[in-house]
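So the mapping is simple: the working numbering equals the position in the sequence shown, first residue as 1, plus 120.
Read the structure below first, then the notes.
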Amino acid sequence: MAPKYPYELDVFTVPHSRMKALVQQYCEMLTLTNFSSACEVMQLLKQLGTTFNEFKEHETIENKYIMQKLQHKLQQLSITNNVVCNCHKDYKLSQMLQLLEDGLSKCSKTDQDRLNYGLKLRMALDDFTKDFIPHMQEEEEILQPLLVEHFSYEELKEIQTQVIDHHTHL
Ligand code: FEO
């Protein structure tokens with residue numbers, strides 16, 4: 121299917137392709153990890169730590185280069201949009217990072233501790249993924265059209281360049 125927006129105005133598709141690939145990667149890793157092995161759990165947690173820090177960076181970049189600008193623009197036009205305001209409010213990233221940190225301290229404990237932790241981790245990751253995929257879809261389907269509607273071609277092109285540039289430094 122042809123892209124809906126020209127590349128130079130599309131602020132979400134490229135970074136989200138990366139985020140979706142990371143989701144796919146951790147889902148696969150999770151199914152392959154043996155939670156009775158301290159070494160495998162440690163490896164998984166390290167990878168998840170890197171992944172979730174990248175998600176956090178993605179959120180920070182979006183807040184700085186997209187959400188704040190869009191909110192400001194909508195305020196100038198006296199338009200209220202709850203999606204923009206609440207986009208990153210209840211997003212479970214901090215809880216996931218905390219859970220991963222807790223896991224590192226459980227790695228060296230008993231098999232049972234790791235198995236229990238594994239169950240908790242699977243549930244938390246499922247929960248996170250169930251929110252994260254629709255969250256990205258919402259940004260693509262609701263926020264991208266708003267950006268196109270309310271920013272000029274040059275303004276949005278500049279935002280897109282900043283967003284892409286900052287993601288390539290991740
Ligand atoms: Fe693009 Fe807010 O995740």
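We put the beta carbon where it would ideally sit given N, CA and C, even for glycine.
CA nearest to the CA of residue i, picked from the options
| i | options | result |
| --- | --- | --- |
| residue 135 | 268, 177, 158 | 177 |
| residue 197 | 276, 283, 285, 271 | 271 |
| residue 278 | 185, 147, 166, 170 | 185 |
| residue 156 | 226, 234, 202 | 234 |
| residue 181 | 226, 247, 131, 159 | 131 |
C-beta atoms of residue i and residue j nearer than 8 Å
| i | j | result |
| --- | --- | --- |
| residue 239 | residue 172 | no |
| residue 138 | residue 287 | yes |
| residue 129 | residue 268 | yes |
| residue 179 | residue 142 | no |
| residue 220 | residue 168 | yes |
| residue 133 | residue 260 | yes |
| residue 250 | residue 237 | no |
Residue span of the alpha helix (DSSP H) that contains residue i, given as start and end
| i | result |
| --- | --- |
| residue 208 | Careful: residue 208 lies outside any alpha helix (DSSP H) and carries neither H nor E. |
| residue 261 | First-last for residue 261: undefined, no H or E at that position. |
| residue 173 | 158 to 182 |
| residue 284 | 273 to 288 |
| residue 185 | Careful: residue 185 lies outside any alpha helix (DSSP H) and carries neither H nor E. |
| residue 131 | First-last for residue 131: undefined, no H or E at that position. |
Any non-hydrogen atom of the ligand FEO within 7 Å of residue i CB
| i | result |
| --- | --- |
| residue 208 | yes |
| residue 123 | no |
| residue 254 | no |
| residue 370 | Nothing can be reported for residue 370, as the shown portion of the chain is limited to 121 through 290. |
| residue 136 | yes |
| residue 291 | The chain is shown only over 121 to 290; residue 291 falls outside these bounds and no answer can be derived. |
Residue i Cβ short of 7 Å to the ligand FMN heavy atom set
| i | result |
| --- | --- |
| residue 162 | With respect to small molecules bound, the structure shown includes the ligand FEO and not the ligand FMN. |
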